[in-house]
Structure formats: structure tokens, C-alpha cells
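**Student:** Can you keep this structure in mind? I'll have questions shortly.
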Amino acid sequence: MDIATIVGLIFGAILVTGAILMGGDFMAYMNAPSVMIVVGGALCATMAAYPLARFLKMPKVVMKTVFAKPQNPVELIQQLVELAEIARRDGILALENMADQVKDEFLVSGIQMAVDGTDPEVIQSVMETELENLIERHEAGKGLLDSMGRFAPAFGMIGTLIGLVAMLSNMDDPSKIGAGMAAALLTTLYGALLANIVFLPLADKLALRSNEEVLLKTIVIQGVMSIQAGDNPRNVQSKLMTFVPPSLRTTEEDNRAA
Amino acid sequence: MDIATIVGLIFGAILVTGAILMGGDFMAYMNAPSVMIVVGGALCATMAAYPLARFLKMPKVVMKTVFAKPQNPVELIQQLVELAEIARRDGILALENMADQVKDEFLVSGIQMAVDGTDPEVIQSVMETELENLIERHEAGKGLLDSMGRFAPAFGMIGTLIGLVAMLSNMDDPSKIGAGMAAALLTTLYGALLANIVFLPLADKLALRSNEEVLLKTIVIQGVMSIQAGDNPRNVQSKLMTFVPPSLRTTEEDNRAA
Amino acid sequence: MDIATIVGLIFGAILVTGAILMGGDFMAYMNAPSVMIVVGGALCATMAAYPLARFLKMPKVVMKTVFAKPQNPVELIQQLVELAEIARRDGILALENMADQVKDEFLVSGIQMAVDGTDPEVIQSVMETELENLIERHEAGKGLLDSMGRFAPAFGMIGTLIGLVAMLSNMDDPSKIGAGMAAALLTTLYGALLANIVFLPLADKLALRSNEEVLLKTIVIQGVMSIQAGDNPRNVQSKLMTFVPPSLRTTEEDNRAA
Amino acid sequence: MDIATIVGLIFGAILVTGAILMGGDFMAYMNAPSVMIVVGGALCATMAAYPLARFLKMPKVVMKTVFAKPQNPVELIQQLVELAEIARRDGILALENMADQVKDEFLVSGIQMAVDGTDPEVIQSVMETELENLIERHEAGKGLLDSMGRFAPAFGMIGTLIGLVAMLSNMDDPSKIGAGMAAALLTTLYGALLANIVFLPLADKLALRSNEEVLLKTIVIQGVMSIQAGDNPRNVQSKLMTFVPPSLRTTEEDNRAA
Amino acid sequence: MDIATIVGLIFGAILVTGAILMGGDFMAYMNAPSVMIVVGGALCATMAAYPLARFLKMPKVVMKTVFAKPQNPVELIQQLVELAEIARRDGILALENMADQVKDEFLVSGIQMAVDGTDPEVIQSVMETELENLIERHEAGKGLLDSMGRFAPAFGMIGTLIGLVAMLSNMDDPSKIGAGMAAALLTTLYGALLANIVFLPLADKLALRSNEEVLLKTIVIQGVMSIQAGDNPRNVQSKLMTFVPPSLRTTEEDNRAA
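Protein chains in written order, with my numbering: chain A, 3 to 260; chain X, 3 to 260; chain Z, 3 to 260; chain L, 3 to 260; chain U, 3 to 260.
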């Protein structure tokens, strides 16, 4: 869970609500049909653009973007170094049991292949294909959020045009013109809010989150290859540490010193 | 046929119709000349931008995007594995008859070349050229939908400008100003609807559909190459399975277990 | 000549004229100074962005985009196969006379080099440099049309701003406000029409046309190299045919069968 | 510290303040809630799009963009040449003490590795990984500024829509319409000012600054590699000078001549 | 000097002035504070985005884009061929004196290195680094013009918003509303004119000009390498001519024939 995303989303909503309350009548900004056309329209357009199975994964994608807690790469490297130490001391078959204690499925499957004596090139190829699948899934998820962020303002404008036409073709009572335009503008407001408070920031976040996960998987692949090759645990550590920014690296050394 | 696309298109249309009906007079939103200028203008601009033969394929492209049912890659791999088993057991010439039972033309032509004893490099080159042609045709199709999605709002704006000039140069009767502006805005509304409900989602969908088909053809090419090389059917399967996301892979294993 | 481009351009113009006529007074839409500022402004900006010699080629570029008739690639391949047959039967020197009958200058210069016994690598390098020059010329032409399509709406907006300022600084007679705004909007309308009916579709078309010509030149280069190498005409044909989409290929085979 | 950035920021602010003062009442342009929604909204959206740790680095990024003083590459090269001379004359171990006098941490760590007799390939790999980390940190910083420059105008528009709806749904007193619209437009103005005076120029500046720093680090890496290889100091100089534009190079020669 | 750029800039200005004069009162379009905010704002934002030294080069960049006269590549090739003839006949040392007669500094420095017996690889590396520096300087220059073309309309909008707020918060005298809006729109007009008549066309032109200069430098590098290698002058000519479009090539042959 990344606190910044949740705080950003909630504070954004509070800020806008506050601005509306200062403007006066809160109910003037609430309009169910306007919500329907913006949210519904964006959902329909996005649904039309994606296979059903992928579209239905949107809530999961949103949840993951908001709540996923990425593993600490330094902890992951420590774990890989420990596995390398065991493999060096007791032979790679000793990792057969360890595989039950490690939680990361991707790492487990890699170690299992190493224990089974699979050819190193095959291990690497299988793990990299898996990684490519992961990247593709992330891009598909980002595509969903991007689509929502693109179609929400578009349907906001469509709703405003529908409202304007309704107002303009029925201007007998001039006192209703203001209310009519206000209602028409609401959909544009909803579209802009949905895009800029929810979907565009989440799409950006998902792209960053994907980069982090790709880094972790890359470290795992390099680690498994080193473990199978029987590399010196010390070398495994310094090799994997080059993937980590220096600020994190020093923390790690402090920890060990402590 | 992908249900999501059809549901998305239909629900989008229903939603907009509902929003219009709530706004009041449905007929105020119906205007044949406005439809003409938006749809006609976008069609003319797209026609001018493409050779006639390609432009006339647009209905086929739309139909395909909406109704095409992509083959299940796991089923395709199973079929290739079966062909590999036959080839291994009875010799590659035994596939001569099988070629009549397989429906996928691309696979049939590949097997036929293998049966005819064509040089592997030639088979690969011919099949890859075919695949490149397919990708180009898909891009051309996507180009048509993109053009429509780009020109429809442009002609919506052009129609609105024409309507505004007409209204503004004839403001003797102030009571008609509202109706004139409403009519002028209709073309902008039509352009936005056409682009955001129909053409942009379909263009996105076509791009995804193309990726799927390219994956299938790539599997077929790899499969035919393996069959001709006389690879072990088990190896063929595990090799081809790396192209499929893990979620689909487990399904397949469950199926076999069942 | 590609009928679709001309039909698209003409029908687009008819459609817009019809929409204007329905709006009422045709003369309200005709305004020489507005045409001047949009067309003239876009021409000036494009002229400033290009060397004079290139700018002056714009009419030629437009004509070519509209009227150029691309050669049929299958006919071109047939011609190359015939030349390959002659070269094989009577020696490459027999092509000395053929060179007078072939119309394609690019092909003639290639054959001439082959007849002169020029080194194959030199022939390929010279022909490919020529092809790169062609691609660059096409891109320069497309750049001109893109610039016009980009600057026309910009000067439409500039004209509208000039008109609005004129109208707003002189509002003594309220009855003239409508006419003033109508006149101001005309330049925006002109800019949008020029861009969306003429320049953007033609720029797209030119890009497609360029791809076709590059394909033809590529076929010629491959053909000349095969002829000089003395390849079997049958192999030349099947080699060159891989550049052509399957739909065209079957047509060709039907023709031969007929 | 780069005087141009500070002068540009300050003069931009003065210019806009002057323009407002000329328009009349300065207080009409001051509105705390409008500032809140634009600045707060942009901050919330940016916060939602980034991990907390990275978001909190924004003030540091801004400060660095404005005040960082890039090292003169010619001075850096002189320093590297001096180190190369010492290493050549007294052996590389003589640099052990020098490392205390050099301020650039990146250079110190490189020399230290060379003194420790680390393998050249390892030194290069470690230093290049460090450089890649630097580039990534710069890009993350630029991403923050870009996000602010993108979300500030978006929340400006959102604020204006909220204000317009408030004004339109309460038009009983026509004399307040003007003031209402003025207040509504303020947020759009704030968004445009923030983006165009502060965030977009700073993002551009940061990209340039990053290029400069990458150049310096590249020179350091090349220099350390040359020092370790025991290259002739004269060759080290001419090799490193190719990274510097000729205008700077002549200055350097003048300096030496003087 | 390229006549098209100057003619385009001047005619564009005349056209706009004419359109304004037709609209009536020329003075209504002249407003010093509006010029200040658009030009000053764009300059401040661009200054903030660039180091001072680079920003101050803008007038030089503009002058060069407008007045630079690119060398004729065919003349350059003739000169290189002549130098190759001298080098072949009298030895490369004979070029020592020639170096005084050649004006192109880049060519002179290349020949000087050849005369000094510098290693060919070093000559090539030094000259290519120089070329890369040139390309970077051109891109920096184009970046300045792009920034001005991007920030001018942005500050036009900012000025209009400031004017609108001033007008709207002070609507006591309805007769002044028109004049106030006219004044507010002026800055948008200025921003659009500056961008579309001056900065965007010049930025496009600079990109083309840079391509031409890069071509010339590439020819010089190839020529110097050939001269040093002692290539046959005839081969040098045909080798360098492949860099020139065929239309220019024939001109050259005509010239020689004449």
C-alpha cells in the first residue's frame, strides 16, 4: 500500500468538495443523470475497446495500483544471497525444502527449475517469457486506466452538448437559462474530475509500479541464474546490488553494520 | 464475436439516447442535414486519404472488429502437437490428408509446403512475408477507423461553424437565436458521439485484435517449423506454450488432467 | 489517377456547399478578405518554413498526389521476369536494346549499369541511394501539405480574433454585432475546411502513395540484382512475388491460367 | 546557480503583476480558495501519481534546478589530467592521498576503486550503473515537474467549472454575474501562470541540466579508465577534450597560453 | 540568404496588417502592455528554461535561420575533387598551402590533420565529434525557437484572462464591455501571430537548414578521408555524388559539358 496515492486521491476529493461547498449550494452539483452519462459513457467506450475478460479486471487493476505493496529490493537480494549460501554449502538440492518457505511464486518456480536440473538457458528463457507476460499485463491494465482518463472528459463534453441543445431549444423562460447551462456544464466538470483526480494519476502510478516490479523480477532472474551457476554468495550480492539505487544500498550496509 | 464490444456499443447508444430523452424533446436532436455533414464529411475526407479499394473495405473491417472470434491459442497448440505426433509416427507425408481437415488456411499452406519438401528457410520466409502482409492490412484497417475518429469531430466543428454563421447573419428574430444555436451545436455533438462511441473504441479494439492474430500466426509458424524438423511432440508443446500467458497454460493442464 | 481522392475532394466540397445553401444565404459565406488571410497566411508561414525551390513544388506535389497512377506491382514483376528470361537466353548484353522499350527510368538505369558490367555492389548502392533520395523528396512533399494543414486553422483563428476585436471595439450599433461575429467566424470555418477537406487527407494520401512507390522501387532493385546474377526466371518471379499481398498474387495466377 | 532561470522566473512574475496592476484592482485577482484548488489539486494529483518518498523530493528538485551550479567541464578535464600526471609519475597508489583533495564524490569513488586495484571492467560497470541511477533520478524529478505543469491547468479548468456552475445556478442578481465569472476565471488564470511561468520552464531546464551532468560523469568515467590504464596525460587530455564543444576548447587553450 | 523565408515573413506581416486595416481602426489593435505581456512573458519563460549563454544566442539563431546561405554541395564536391587531384599529383604535403585558400574552416582543419600525418581513425573521430557538436548546437537553437512558439500563445491566453477578469469585475458601464473584451483578446491575437508567423516557421526552417549543413559536413568528412587515403579523384567524385539528389547531379554534368 502506498500512502501517497490514497492521500492524494482523498485530499483531492476533499479539496474539490470544499471548493464546491464554498460556492454555495452543494446539491446544485449533484446530478445522477450527469454521473450516468460520464461514468457510463466512459465505461461503455472502454468496454467496446477491450475484450470482456480484460475489461472486467479494471477493479482489480485499480485496487492493485492503490494498495499493492512492492517488495523491498534489498530484502529480496538478502533472501537471494541466503539461498545462494545454502546452495553453495549444502548443494543446490538443499533448496528443495527452502522452496516451501519462500513466498514469491516467481522465485519459487525458478528455484524449482534449478533444483530439477533444468538447463540454465531454458530457465532463463522461461522466466523471461514470464516477465514479458507480466509487462504486457501491466500495459493492458494501464491501457484501461488511460482509456477511462481519455473517454471521461469526452463524455463530459457530450453530456454538456446534450444539455446545451436542450436548453437552447427551449428558451421560453429566460429565468431557467442559467440553471440549464449550470446543469449542462456539470458533465464537463465530472469528466475533468474523474480524469484528473482518479484515472490519469492512477495510470501514471501504475506505470511506475510496473517498473518497480520489473526490476524485482529482473533481480530474481539474475539471482536464480547465479545460484544455479554456484556463484560465490558475496559476488551474488555485489552483482545484484548494482540494480539498486545507492541510497538504498547504504541503508542496507548500515543495517548489516548494526 | 466479442460480447464486450457489442455490449459497449449498444449500451453507449442507449445511455446517450436516455440522456437525450431526459433532456426533453427527442426530435430536437434529430437533424438529417447535420448527420449528412458529419458522417458524409468524415467519409469524404477518409476516402480522399485512401485508395478506393482500401476505403471500400471499411464495412468489412468494422464487422471483423465487432464479430471476429479469435481462435484459442491453447487449442491451436494442441492441434499443432497432434500434427507433430502424426508426422513423427507416420512420417511427414501422412499430413497430406490431414491438411484437408485443418480449417486454418495459413496452417494448411504451411503444412503443404512441408509435405512438398520445401526448404525450411523458404517456408519460414514465405510464412513471415504472409504475416507481414497481415499486419499491414490490419494497420490499414486501423488507419481507416482512426481517420473516421479524427475527421468526424472536425466536420462536427465545421457544421457548427456553418450553423453559427447562418444564425448570426440573420438575427432579426431574437426568438430564433436559441433554436439556431441548438441546431448548430448538433453537428459537434454528432461528431463527438461518432468518434467516442464508435470509431475510437473500434480502432483500439482492432489494434488488440491484430496483436492476438499475430500471436496465433507466430505460433503456427513456429509449429510448422518444428513439425518439419521432426521435433519431439512434447518439446513442441512446451516450446509453443511459452507464447501463452500462464493463466491460460494452467487451464490447459487442468483440461488434460480432467 | 486514384478516383477515390478526387471523388472524396469533390463530394466533400459539394457536401459543405449543400450545408451552406440549406443554411440560407450563400453570399454570407463568401468573403474575399477572409480567404486571403487564411490561404495567404498559411502559404506565407509555409513559405517561411521551406527553401523557395521546395515551396514552389507544392502544386506539383498536390497534382501528383491526386493524379499519379501507381504501376501495378504484378505487371512490374512480369516485366522483370521477361527481362530475366531474355538475359538468361541471350546473355545480359541482349538487354542493351530492351532498355529502350522499358519506360521506367529507374529500371532502365539499373539495367544499363548491369549491361555495362558494373560491379553488383555498386549497382545496389547507387540504386538504394536513389531510393533514399526519393523517400526524402516524398517526405519533403508531405511536410509541405502537413504545414498547410497545420497553419490554415491557425490563420483561421487569427482572422477570427482580428474580426472579433474589430467588432467589439465598435459596438455602437447592436444590430451589426451578429453580422460582425458571423464574418469573424468565417476565417475559422475556412481554415477548418482547407485543413480537413484538402490538406490533411492529401498528406495522408501522399504517405500511402510513397509507401507504394518505395515497394515498386524495392522490387526493381531486387529484380535487377537477380537479372545480373543470372538467376532462373522462375526463381526471380517467386522471389519478387513475396513482396506482393496474396490477393494480388492469385489474380496474377488467374491471369496466367486464363 | 544559473542566473537566467532566476531572472526568468522573477521577471515573469513582475510582468504578470504589472499587467494585473494596469488592469486596475489588484485584490480582484487575489483569491485564496482559487489558489487552494489549483495548487492543492495539482499537488494531490501528482502525489497520487508518485510514491510518497519521490513526491517529497519535489522542493529539492526545484531548488536544484534553480540553484545548482554545474562544474566547468574544462576544469574537470584539467583536474583529471593532473591526476593522470601524478599517477604516471608516482604510480597510481600516489592517488590515495589525492582522493582527499578532490571534491567530486563520483570521481573519488572511481579513483578509490582504481587505487584498490579493482578490475577495470568492474570499475566501469559500477560507475555506469551509478550514472544510470542518476539519469533515472533526474527523469523522476522531471516527471514531478511535468505532472505539476499538466495538472495545474487541469485543476484551473475544474475550478472555473465549479465557479461557473455556482454563478449560473444563482443568477437572481444580474449585477453579480460579472464578478462571479471573474472569480471563476481566476483559477484558469492561476493554472496557466503556474504551468507556464514555473513548472514547464523548470522541467525544460531540468532536462538540460541533466544532460550537462551526464556529460560530466561520462568524462569522469573515461578519465578514471584512462588513469588506471596509465595513459599518457597528453592523450588523456585530447581524448577527453573531444567531449567539449570547440568554443570551450579554445578558451581553455587561451588560458594555458596566458 | 534564403529569399523564401524573408518573403514569407514579410508577406505574412503585410497580410495581417492589411486584414486589420480592413477591419477599420488600426490603433485599436496596437497596445503596448499587451505586447509586453506576450513577448516579455514568452522571453521570461524561455529564459528560465535555458542557461543564460544559450538564451542570449537567440538573435544569432534567428539571423542565421533567415540569412544563412548554405554552400552548394556540388561546388563543395568539385573543390574536394580538386584537392584530391593535387594530393595525388604532388603528394598530400602539397595541400599545406592550399589550406590557406579554402574558406570552410571544418575542411581546413581536416586537411591540416591529414597533412600532419594524423592517424585516419583519429581524423574521422575528431571530425565526427565536431559534427555531433554542430547537430547539438542546432538542436539547442531549434529548442529556443520552439519554446518561444509554445510560450507566446500561452502568455497570449494569460493576458486575455487577466483582461477578462479586469473587465468582468468592473461592469458598471456596459458601454465599455466591448472595448474591454477587445483589449483582452488582443494578447491572444499577438500570441497566435508571433507563434504562427515568426517562431514556428523559423523553427521548421532551422531543422531543414541543419539537415543541409549536416549533409555538407558529412561530404567533407568522406572527402578528407578519401584524400588522405589517396583515392583516385574520379572515384572520389562518384562516391561523394551519391550524397546529392539526381536533379543536382545532372546540373553539375551539364556545367562540366558546357
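Backbone N, C-alpha and C define an ideal beta-carbon position, used for all residues, glycine too. What you are looking at is a predicted structure, and each value in this text was computed from that prediction instead of being measured.
(1) I need the DSSP call for Phe-57(Z), collapsed to helix, strand or coil.
(2) So Ala-142(A) and Arg-56(A) are in contact, right, with Cβ under 8 Å, and what is the actual spacing, rounded?
(3) Establish whether the CB of Met-24(X) and some CB of chain A are separated by less than 7 Å.
(4) Quick check: the Cα distance between Phe-69(A) and Val-9(A), rounded to an integer number of angstroms?
(5) What are the residues in the segment 140 to 152 of chain U lying within 9 Å of chain L by C-beta distance?
(6) Classify Leu-82(A): buried if its beta carbon has 16 or more other beta carbons within 10 angstroms, exposed otherwise.
(7) If distances are taken between C-alpha atoms only, which option among Gly-14(A), Ile-160(A), Lys-71(A), Phe-28(A) comes closest to Ile-22(X)?
(8) If you draw a straight line from the C-alpha of Val-222(Z) to the C-alpha of Leu-85(Z), how long is it?
(9) Run through DSSP, which three-state label would Gly-42(L) get?
(10) How is Pro-1(X) classed by DSSP in three states: helix, strand or coil?
(11) Where does Asp-148(A) fall in DSSP's three states?
(12) Run down chain U in chain order and give the residues with a C-beta less than 7 Å from the C-beta of Thr-177(Z).
(13) Does the Cβ of Gln-103(A) have 16 or more other Cβ atoms within 10 Å, making it buried, or fewer, making it exposed?
(14) Leu-191(L): which of Ala-168(U), Ser-177(U), Leu-163(U) sits nearest, CA to CA?
(15) List the endpoints of the continuous alpha helix (DSSP H) containing Asp-206(U).
(16) Run the CB neighbour count on Lys-207(U), radius 10 Å, all protein chains shown included, and call it buried at 16 or more, exposed below.
(17) Are the C-beta of Phe-57(U) and some C-beta of chain L separated by less than 7 Å?
(18) Could you give the residue range of the alpha helix (DSSP H) that holds Ile-94(A)?
(19) Could you check whether the Cβ of Asp-102(U) sits closer than 7 Å to any Cβ belonging to chain Z?
(20) Leu-133(X) to Ile-229(L), Cα distance in whole Å?
(21) Between the Cα of Pro-53(U) and those of Gly-182(L), Thr-67(L), Thr-244(L), Leu-147(L), spot the shortest distance and give me the residue it belongs to.
(22) Considering only their Cβ atoms, is the gap separating Leu-170(Z) from Met-65(U) smaller than 7 Å?
(23) Take Val-40(A) and list the residues in its own chain whose beta-carbon comes closer than 7 Å to its own, dropping the five residues that flank it on each side.
(24) Check for me: the alpha helix (DSSP H) holding Ile-199(X) runs from which residue to which?
(25) Measure the alpha-carbon distance for Ile-79(A) versus Pro-235(A) and round it to whole angstroms.
(26) Would Arg-211(U) be called buried (16 or more neighbouring beta carbons within 10 Å of its own) or exposed?
(27) If you draw a straight line from the alpha carbon of Asp-106(A) to that of Asn-135(L), how long is it in whole angstroms?
(28) Roughly how many whole angstroms lie between the Cα atoms of Met-60(L) and Ala-44(L)?
(29) Does the CB of Ile-160(X) have a neighbour CB from chain Z at under 7 Å?
(30) Is the shortest distance between the beta-carbon of Pro-35(X) and the beta-carbons of chain Z less than 7 Å?
(31) Do Gly-42(X) and Ile-199(X) have their beta-carbon atoms positioned less than 7 Å apart in this structure?
(32) Tell me which same chain residues have a C-beta within less than 7 Å of the C-beta of Thr-48(A), skipping the five on either side of it?
(33) Just confirm the distance between the C-beta atoms of Val-226(X) and Met-129(X), as a whole number of angstroms; I'd bet it's less than 8 Å.
(34) Quick one: residues in its chain with C-beta nearer than 6 Å to the C-beta of Ala-185(U), no 5 flanking neighbours on either side, listed in chain order?
(35) If you drop the 5 nearest sequence neighbours on each side, which residues of the same chain put their C-beta closer than 6 Å to that of Ala-168(L)?
(36) Would you say Ser-212(A) lies against chain X (beta-carbon separation less than 7 Å)?
**Tutor:** Let's see:
(1) helix
(2) 6 Å
(3) yes
(4) 12 Å
(5) Ala-142, Gly-145, Ser-149, Arg-152
(6) buried
(7) Ile-160(A)
(8) 11 Å
(9) helix
(10) Here chain X covers residues 3 to 260 and nothing more, so residue 1(X) does not appear.
(11) helix
(12) It should be pointed out that residue 177(Z) corresponds to Ser in this sequence rather than to Thr. Those within 7 Å of Ser-177(Z) in chain U number zero; the least Cβ separation is about 14 Å.
(13) exposed
(14) Leu-163(U)
(15) 202 to 231
(16) buried
(17) yes
(18) Here Ile-94(A) belongs to no alpha helix (DSSP H), and DSSP marks it neither H nor E.
(19) no
(20) 53 Å
(21) Thr-67(L)
(22) no
(23) Ala-154, Phe-157, Gly-158, Gly-161, Thr-189, Tyr-192, Gly-193, Leu-196
(24) From DSSP, Ile-199(X) is part of no alpha helix (DSSP H); its letter is neither H nor E.
(25) 11 Å
(26) buried
(27) 26 Å
(28) 13 Å
(29) yes
(30) yes
(31) no
(32) Phe-57, Leu-146, Ser-149, Met-150, Phe-153
(33) 7 Å
(34) Gly-165
(35) none
(36) no
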